[in-house]
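Novice: Structure in C-alpha cells, see below.
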Amino acid sequence: MDTGVTIEVLPTSALTPVLWNEIWKLTSDFFDTERAYSERELKEYQLTALFWSRGERKLIGTASIDV
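Numbering follows my numbering, in which position 49 of the sequence shown is assigned residue number 296; successive positions increment by one, without gaps.
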C-alpha cells in the first residue's frame with residue numbers, strides 16, 4: 248500500500264462544497280468550534296493546501312496560505 252502524501256494547493260475561492268465537507272470533518276476532529284466561524288476564517292486566506300493520504304485518499308492536513 249502507498250503510504251505517501253499528495254499535496255494540492257488551490258485558491259480558497261475554488262474549494263467545492265465537497266472539499267469544505269472534508270476540511271470540516273478534519274477540523275471538527277481536533278477543534279471545538281462552529282463550522283460557520285471556521286469556514287469564514289479560512290476564507291480570509293488566498294490559498295489552501297490540502298494534504299491527502301495517498302493510500303486511502305483521506306484528508307490528513309490543511310494549511311491556509313497568503314502570498
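Ideal Cβ placement from N, Cα and C applies to all residues, glycine included.
Keep in mind it's a predicted model, so treat the numbers as computed, not measured.
In this structure, does DSSP put K305 in helix, strand or coil?
Specialist: What you label residue 305 is simply residue 58 of the sequence shown in a count that begins at 1. DSSP places K305 in strand when its eight states are reduced to three.
Novice: From the DSSP output, in three-state form, read off E255 for me.
Specialist: Within the sequence shown, residue 255 is the residue found at index 8, counting from 1. If DSSP states are grouped into helix, strand and coil, E255 belongs with the strands.
Novice: Could you name the residues of the same chain whose beta carbon sits closer than 7 Å to that of G251, not counting the 5 residues immediately before and after it, in chain order?
Specialist: Within the sequence shown, the letter at position 4 stands for residue 251. Within the same chain, G251 has close Cβ partners R301.
Novice: Starting from F277, trace the alpha helix (DSSP H) in both directions and tell me its first and last residue.
Specialist: On the sequence shown, residue 277 is found 30 positions in, with the first residue counted as 1. 264-277 is the extent of the alpha helix (DSSP H) around F277.
Novice: Contact defined as beta carbons within less than 8 Å: I believe L294 pairs with P258. What is the distance between those atoms, to the nearest angstrom?
Specialist: The residue given as residue 294 occupies position 47 in the sequence shown. The residue given as residue 258 occupies position 11 in the sequence shown. Confirmed, Cβ separation roughly 6 Å.
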